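Participant: Below you will find the structure I want to go over with you.
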Ligand code: PGA
């Protein structure tokens, strides 16, 4: 687990943007899981704003998670956030990305589809995640172990409450569909990106507490190439 502190969230975003650009340059057929939420938005925007030519035509982008029952047109879905900030500005073609179909009546099959895609492509080269205030990673909530591939989860109350910030109007949330922590552990590189004061305490626990499913983010202590990239505020206790 390597911790890197950046001056502020803009510098952090720039570093993450450059990391992703370099990853695709070095391995054009890279398979990567990308998170949504507020944290990575600026990094995604910078990839197109920087005007560097980067060719995603052999790569595969997989959305980290979705709220079950929330469709892709909703501004709070993972797909919407990644599409608007990264895929559309870069004109990335549909065959180079996929997201969970959170409206599917057969979520178990949906999980298997994404598991098979990752397996068929020889595993993940990279996964980038944020961190919830309760230590969740993707929608792997406290209590779900490190041995799951893609799965459906019951959301923690804190996630349901905090999750409202992504939506214009109150939205009913109860379950999530998510890439599991076993995929994260098997990825060649896993990056946790966090910014802002409110993430400082959970990051302190993430790097210091005994790894346990009670705090999914502690999985980073077990990763052979786990990167924790933070801004100064989020990293002030680590
Ligand atoms: P955020 O979400 O980037 O909106 O803070 C992080 C998360 O819950 O994983």
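Numbering (the numbering used here), first residue to last: 604 to 841. For each residue, glycine too, the CB sits at the ideal point set by N, CA and C. Please read all numbers here as calculations on a predicted model, not as lab measurements.
Apply the 10 Å Cβ neighbour rule to residue 793 and answer buried if 16 or more other Cβ atoms are within range, or exposed otherwise.
Facilitator: buried
Participant: Measuring from the CB of residue 641, is there a heavy atom of ligand 1 at a distance below 8 Å?
Facilitator: yes
Participant: Around the C-beta of residue 636, are 16 or more other C-beta atoms found within 10 angstroms, so that it is buried, or is it exposed?
Facilitator: buried
Participant: What distance in whole Å lies between the Cβ atoms of residue 780 and residue 714, which are believed to be in contact at a cut-off of 8 Å?
Facilitator: The C-beta distance from residue 714 to residue 780 rounds to 7 Å, short enough to meet the 8 Å contact threshold.
Participant: Quick one: give me the first and last residue of the alpha helix (DSSP H) that residue 713 is part of.
Facilitator: 710-723
Participant: Look at the alpha carbon of residue 782 and the alpha carbon of residue 692, and state the distance between them as a whole number of angstroms.
Facilitator: 25 Å
Participant: From residue 836 to residue 662, what does the alpha carbon distance come to, in whole angstroms?
Facilitator: 33 Å
Participant: Tell me whether residue 762 counts as near ligand 1, meaning its Cβ is closer than 8 Å to at least one heavy atom of that ligand.
Facilitator: Yes, the beta carbon of residue 762 sits closer than 8 Å to at least one heavy atom of ligand 1.
Participant: Using CA coordinates, which residue listed in 679, 645, 778, 670 is at the minimum distance from residue 772?
Facilitator: 679
Participant: Once the 5 residues before and after residue 810 are set aside, which same chain residues still bring their CB inside 6 Å of it?
Facilitator: Answer for residue 810: 841, listed in chain order.
Participant: Assign residue 833 to one of three DSSP states: helix, strand, or coil.
Facilitator: strand
Participant: Excluding five sequence neighbours on each side, which residues of the same chain lie with their C-beta closer than 7 Å to the C-beta of residue 801?
Facilitator: Closer than 7 Å at Cβ, skipping near neighbours: 736.
Participant: Restricting to Cα atoms, I'd like to know which of 632, 642, 795 is closest to residue 681.
Facilitator: Nearest Cα to residue 681 within the set 632, 642, 795: 642.
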